[in-house]
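Following the numbering used here, the numbering of the sequence shown begins with -17 at its first residue and continues without gaps. A short write-up of the structure that comes next.
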Amino acid sequence: MTATLNSTIALPKPPIKQAKLYINGQWRSASDGKTRPTISPITETAIADIPEASEQDVEDAIVAARRAFDEGPWPKMTGHERQKILNRVSELSEYYADDLALCETLDMGKAIYFAKAIDAHAVADLFRYYAGMAPEIDGVTRLVAPPPDYTPKHVTIVREPLGVVAAITPFNLPSVLAATKIAPALAAGNTVIHKPASNTPLSAIKLAEIFEEAGLPAGVYNLVTGSGAKVGDQLVKHPAINKISFTGSTEVGMNIIRNSADTLKKTTMELGGKSANIVFADADMDSAIANAFFGIFYNQGGICTAGSRLLVERSIHDAVVDGLVNYVSQIELGNPLDPQVLFGPLADARQLEKVMQYVKIGQQDGATLRSGGERFYPDGSNGKGYYFQPTIFTNATNEMRIAQEEIFGPVLTVIPFDTEAEAIRIANSTDFGLASGVHTRDIKKAMRVANAMQAGTCWINCYNIFDASVPFGGYKSSGFGRENGKEVMEDYTHTKAIWIDLS
Ligand code: NAP
């Protein structure tokens, strides 16, 4: 179809009060007045003009966050006091859940059904969970008697906040990944500067409104929108920032590690993935097929844990592929603002281009395009919108580029295997190590495989399930550090040992 007319799909106005930077408790435009439009992938039209923070704006945010940490009340408050405010953030995230959801759908095309059912509540859960942890950040005491005099020493080991944390987040789960970083950082007593992805900034602005309404003191949370190359880079290199908590591509993560080395920053790196989802012949077929579908096609494949390599035991390979193709045909695809739709457009033109390139690469490398592989246009779109069909490749090998490189779109590569050992070998034969899945009725086999996975997460008979209390993160090129769970507090605190001579 050729694009000739404008889309007639009506987009509601983004539910934010103003598209501005939030620095030191003040809403303001970029100091040089620069803005960039954020484009909705639903219609390819601009939905808001977002400020491009200048060097001065970023500097102001750093000074504000630094002052709020060094002089301000936040790190000096009791855990209970911080808990009260973070609980208020959680309550307001529930109250504004529909607004947060609409921001995500307008900005990155996520189905409003999922944005409402999952994302907005996950944000509230994260703030509630870490609010509960704020008064519990405690230490331990050890009695030791080291050489040379072997006299007893009482050592009090305490945890202290790091200082100013820069949270740099990607386009795919904007509000959830922001909350994943901001909630524990604040609970531990740090102050935060957030730089969201430049193509999906709306929910970050909504969150800043929530922080303000919840009564977070000025400077404790600051929002700077703008490009990674400018705004992100300035944060990464600035000596007054103590930690970079980054989620994004492996390539950018590696750059950030290099660029933060001169100022020796602590970093958390949540990076890319190419996860294997393994289906054994004794699996519950219906559930395995549904999990294979949502494993890869949830969020249009724009999820770091996407089960983009489906490893299927050869004896059931054709049945699983047929079942999956049939499953795809029954899913409502289209305008993500329609609550019946489960699969909308890709987030932006860059993502669409990348997916189309990989479909070509898969075909050139000899895989069979079993299903999808084309753009599509819902009713009323008039050839506008970054819609791309759920796409399935078969007759693929694990060495092909479509099996090794992260596409971050709705492209599934199905690979057959004959034995458990072969499935494990293929699953681990990747540079990445973020997640994995195994489907079987044999719990012993499931646990053997889960233990053998070189990945931070393994789902047995389920896929893509997350909880604020469950640690999450990568092995190998998928990064280091953990998010969620109490384990993350190590990443947002220093450990100090205070020695007392008792002799
Ligand atoms: P990306 O291109 O790496 O960008 C991520 C963030 O980094 C954006 O805010 C970006 O700003 C910023 N950035 C870019 N260059 C920078 C630089 N030189 N210095 C500092 N910041 C910089 O990733 P994406 O395309 O938004 O997201 C997709 C990737 O995220 C995938 O690889 C996916 O697997 C990964 N991801 C990982 C997890 C996880 O938990 N492991 C979760 C979700 C996504 P701009 O937007 O302005 O470029």
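Note that CB positions come from ideal geometry on N, CA and C, so glycine has one too.
Review point. Does the separation of the CB atoms of R407 and I343 fall below 7 Å?
Key: no
Handout entry: Cα-Cα separation between M435 and A258, rounded to whole angstroms
Key = 9 Å
Practice prompt. Taking 7 Å as the cut-off, decide whether the C-beta atoms of P318 and A93 are in contact.
Written response: yes
message: What does the alpha-carbon distance come out to for the pair S363 and N281?
response: 20 Å
| message | Excluding the 5 residues flanking P199 on each side, which residues of the same chain have their C-beta closer than 7 Å to its C-beta? | response | A50, G54, P55 and W56
Check: G305 C-beta below 6 Å from any heavy atom of the ligand NAP
no
_Short of 7 Å in beta carbon distance, which residues of its chain neighbour N446, apart from the five on each side in sequence? Order them along the chain._
F276, G277, Y280, I285 and T287
Hey, is V234 close to the ligand NAP, as in C-beta under 6 Å from one of its heavy atoms? yes
Is DSSP giving H62 helix, strand or coil here? helix
| request: Quick one: give me the first and last residue of the beta strand (DSSP E) that L125 is part of. | output: V122 to V126
* Asked: Rounded to a whole number of angstroms, what is the C-alpha to C-alpha distance between V470 and G463?
  -> For V470 and G463, the distance between alpha carbons rounds to 8 Å.
Does the separation of the CB atoms of A148 and Y4 fall below 7 Å? no
Kindly give me the distance between the Cβ atoms of V261 and V294, rounded to whole angstroms, as I take these residues to be in contact under 8 Å. 5 Å
| field | Distance cut-off 6 Å: I150 Cβ against heavy atoms of the ligand MG | value | What this structure holds is the ligand NAP, not the ligand MG.
Check: If you draw a straight line from the alpha carbon of M(-17) to that of A28, how long is it in whole angstroms?
Finding: At M(-17) the pLDDT is 38, less than 50, meaning the model places this residue with poor confidence; the figure from the coordinates comes in the next sentence. Rounded to the nearest angstrom, the two C-alpha atoms are 23 Å apart.
_Given the structure, does S180 come close to the ligand NAP, in the sense that its CB is under 6 Å from one of the ligand's heavy atoms?_
Checking the Cβ of S180 against the ligand NAP gives yes.
Closer than 6 Å by C-beta to W441: which residues in its own chain qualify, once you throw out the five before and the five after it? Chain order, please. Same-chain partners within the cutoff: G419.
Check: Does the distance from the CB of E142 to the CB of K468 come in under 7 Å?
Finding: no
- Comparing the CB of G230 with every heavy atom of the ligand NAP, is any distance shorter than 6 Å? yes
field: Distance, T475 Cα to G230 Cα
entry: Annotation: G230 to T475 spans about 22 Å, alpha carbon to alpha carbon.
**Asked** Can you tell me the Cα-Cα spacing of A170 and G145, whole angstroms?
**Response** If you take the alpha carbons of A170 and G145, they lie about 10 Å apart.
Checklist entry - Who are the Cβ neighbours of A116 in its own chain at under 6 Å, not counting the five residues just before and after it? => result G61, R64, Q65 and A169
**Asked** How close, in whole Å, do the beta carbons of G415 and K458 come, if the pair is a contact with beta carbons under 8 Å?
**Response** 4 Å
| task | Please determine, among S227, I238, Y78 and D483, the residue with the shortest C-alpha to C-alpha distance to P(-3). | result | Residue Y78 is the option with its Cα nearest to P(-3).
Below 8 Å on the Cβ atoms is my guess for V396 versus I425; work out the distance and round it to an integer in Å. Taking C-beta atoms under 8 Å as the contact rule, V396 and I425 fail to qualify, at a distance of about 25 Å.
Check: For H176, which residues does DSSP report across the bridge?
Finding: A149 and L205
* For A30, which beta-bridge partners are listed by DSSP? -> T20
Say whether the segment 147 to 166 touches the segment 132 to 139, bearing in mind that this needs 3 or more beta-carbon pairs closer than 8 Å, one atom from each stretch.
no
Range covered by the alpha helix (DSSP H) that runs through M115: A102 to M115
- May I ask whether a heavy atom of the ligand NAP can be found less than 6 Å away from the beta carbon of E387? no
### Query
Count the other CB atoms within 10 Å of the CB of N(-12); is the residue buried (16 or more) or exposed (fewer)?
Exposed, since its Cβ has fewer than 16 Cβ neighbours within 10 Å.
Taking the alpha carbon of L289 as the point to measure from, which residue in P130, E314, P321 and G254 has its own alpha carbon closest? Correcting the residue identity first, residue 289 is Gly in this sequence and not Leu. Comparing Cα positions, the closest option is G254.
| Any chance the segment 260 to 274 sits against the segment 236 to 252, with 3 or more Cβ pairs inside 8 Å? | no
Query - Simplified DSSP state of A258, which is helix, strand or coil - result: strand
query: Do I150 and A47 have their CB atoms nearer than 7 Å?
result: no
Return the CA-CA distance between A(-15) and D330, expressed in angstroms with no decimal places. For A(-15), the predicted model reports a pLDDT of 44, less than 50, meaning its position is unreliable; a value from the coordinates is still stated below. Cα to Cα, A(-15) sits roughly 16 Å from D330.
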